[in-house]
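As structure tokens, the structure follows; a few thoughts come after it.
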Amino acid sequence: MSVSHDFAVSSDELLAAFTSRDLFLQWYPPRGWSVQPDTVTFEPQRGGRVQLAMKHESELNVFAPVYLRFESISLEGLELVESIAGPMGEPTDHLMGIRIGFVPGTVITSSGVGEGITVKVEVGPLPEQVHDDVAATWKGSLTKLEEVLSS
-9 MSVSHDFAVS SDELLAAFTS RDLFLQWYPP RGWSVQPDTV TFEPQRGGRV
41 QLAMKHESEL NVFAPVYLRF ESISLEGLEL VESIAGPMGE PTDHLMGIRI
91 GFVPGTVITS SGVGEGITVK VEVGPLPEQV HDDVAATWKG SLTKLEEVLS
141 S
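In this note's numbering, the protein residues as written are -9 to 141.
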């Protein structure tokens, strides 16, 4: 599954959005979810972890734990591994890769056409039946990221 989004910003600004705890927490949770601040571990370095719990804003007893590990971090992008949560919210041995590439060039954004970065997110392996939901979630988060970076 892959999605892309154009940003009229530099690679440095995008990298900061993925490696700054405060910025990351502003855009990462999908709309309708919030991060529980007391659950956050954020270690933006090779082998470092991002662990957090998101709470659904309208379904009060619905939580989604996130277990990520940074594999690589550079101005060209990031690679992460996610451990899928089990039925009790614990990390499992079921792993999913996330590759986030930063491609400089001409971009088309709401402010026009110009120089910027296309962010390409690739996630897998995933069952085919969840591709649309995962793509929609990433598209929503990348739209939030654009809003955060333009404010």
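Every residue, glycine too, gets a C-beta built ideally from N, C-alpha and C. Every value quoted in this text rests on a predicted model; they were computed, and no experiment measured them.
- In the displayed model, Q16 falls within a helix according to three-state DSSP.
- Looking at the DSSP output, K45 sits in a beta bridge with S24 and F53.
- Assigned with DSSP and collapsed to three states, A125 falls in helix.
- Annotation for Y18: S131 place their beta carbon closer than 7 Å to its own, counting only its chain and skipping 5 residues before and after.
- Taking the CA atoms as reference points, M(-9) sits about 29 Å from N51.
- Remark: C-beta atoms of R59 and F32 do not approach each other more closely than 8 Å.
- For A75, the uninterrupted beta strand (DSSP E) run begins and ends at G67 to A75, by DSSP.
- Separation of M86 and G76 (C-alpha to C-alpha, rounded to the nearest whole angstrom) is 13 Å.
- CA-CA distance, V(-1) to L70, rounds to 22 Å.
- Going by DSSP, T9 is part of the alpha helix (DSSP H) stretching over S1 to T9.
- Beyond the five residues adjoining it in sequence on each side, L13 comes within less than 7 Å, by CB distance, of A6, A7 and V138 in the same chain, given in chain order.
- In terms of Cα proximity to H(-5), the closest of S140, W128 and S141 is W128.
- Judged by DSSP secondary structure, S(-8) falls within the beta strand (DSSP E) whose first and last residues are S(-8) to F(-3).
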